[in-house]
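Reviewing the structure listed below.
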Amino acid sequence: MPDYKEIQVNTVPAYTVRIGPGLLKNCGPLLRTAVPPCRMAVITDSVVEELYLETVVTSLKAAGFAVCTYAFPAGEENKNLSTLSGILEFLAREHLTRTDCLIALGGGVAGDMAGFAAAVYLRGIRYVQMPTTLLAAVDSSVGGKTAIDLEAGKNLAGAFLQPAAVLCDTDCLKTLPQAVFAGGAAEAVKTGVLCGESLFALCEKGGLETNLEEVIARCVAYKAGVVERDEKEQGERKLLNLGHTVGHAIEKCSGYSIPHGQAVAAGLAIMARAAEGLNWSGGPVAARICACLEKQGLPTSTEFSAKALEEAALADKKRSGDSITIVVPKRIGACELVKIPVSELLFVIGTGLADRPGQEG
Ligand code: GLY
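Following this line, the structure appears as structure tokens:
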């Protein structure tokens, strides 16, 4: 079997993230060491079903697992209660028990959907993450956040449940459409801003494709440390929301036509400009972050007004009473949680948009 990069996430229970080529076709033998003999329910979406489901099922069966499969229609708009209900009814019809296991095969939506189903089916069963997009590889497959969207907003119902293992097959990432790859690169750049020069400089080189395994491994290693120290997002883990307050607002204002990664990229750039404009940063930071995002083909601004973004952001779950915690990039490798009154958010966003033609904040 090829050599994989392995990162241990020391939560309770602990699990291993494996990163490398050819993992899907070897998933059966690899999971035998992570999961006791059981039935495997592979949950995926209609796009990934066509591409990878057969490979995964073949490997699982050859390793002695009994397998059943369920595919839901692809798209963020299907990350909802109706899809969850379809998955739960399927698991019940298949008589999956607490000693069995789910596999989340796909991008962020499949990971969130299957993870949340695993968290609530029979009050919680084991699951494995097999990310097939860069966004899922560098961020959402690790750390145990699972969620579905409600009509009122994104990820408003969810649970924390750590996976039993993560298998990240880098071969899947080589054929992603450019915009989908770029969306994942946004989360990698975000992690670089949090983590420091070693990862940020790798992202700055552009062309993440050439250092793919290294970038993913560094993102995962950084996130693993944060999650180990603050699994339930009581403090430090909130840093991982860098760019997300404005990013989620952009997604919402666009009726979710702007993908998550592209929205986070713009949100990150807006926060970097705001940090500089409000003298919260330790020096110039925005130009470097924006240049890095642009190198990945990502946006660094948005057409929406500060007012529209503020209103959308205040409906987000990051608000707590009359205050909201935002993540401020002070330098590469030094970000800070800043709690501000909700009444100041408009000014902060306006400052971040200030160099946009025709925008007065
Ligand atoms: N995506 C941010 C987190 O897992 O906390």
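Every number in the working numbering is 1233 more than the matching position in the sequence shown, counting from 1. Each residue gets a CB set at the ideal place from its N, CA and C atoms; glycine is no exception.
About 6 Å separates the Cβ atoms of residue 1565 and residue 1426, confirming a contact at the 8 Å cut-off. Residue 1419 is positioned such that its CB atom lies no closer than 7 Å to that of residue 1486. Proximity of the beta carbon of residue 1552 to the ligand GLY is not indicated: no heavy atom of the ligand is located closer than 6 Å. Residue 1495 holds the alpha-carbon nearest to the alpha-carbon of residue 1417 among 1353, 1242, 1495, 1260. Apart from sequence neighbours up to five positions away, the residues of its chain that approach residue 1248 with a beta-carbon distance below 8 Å are 1241, 1242, 1267, 1395, 1396, 1397, 1398, 1399, ordered along the chain. Of the candidates 1300, 1329, 1424, 1424 places its Cα closest to the Cα of residue 1371.
Beyond the five residues adjoining it in sequence on each side, residue 1282 comes within less than 7 Å, by CB distance, of 1304 in the same chain, given in chain order. Going by C-alpha positions, residue 1517 is about 16 Å away from residue 1437. For residue 1486, the enclosing alpha helix (DSSP H) stretches over residues 1477-1486.
If you draw a straight line from the Cα of residue 1375 to the Cα of residue 1402, it is about 14 Å long. Closest in C-alpha terms to residue 1585, from the list 1478, 1491, 1466, comes 1478.
The ligand GLY has a heavy atom closer than 6 Å to the beta-carbon of residue 1376. Inside the stretch 1488-1528, DSSP marks whole alpha helix (DSSP H) runs of 4 or more residues at positions 1493-1510, 1519-1528, from first to last along the chain. In this structure, the straight-line span from the alpha carbon of residue 1273 to that of residue 1255 is close to 20 Å.
Non-local beta-carbon contacts of residue 1379 in its own chain, meaning distances under 7 Å to residues more than five positions away in sequence, involve 1345, 1348, 1349, 1352, 1391, 1392, 1394 in chain order.
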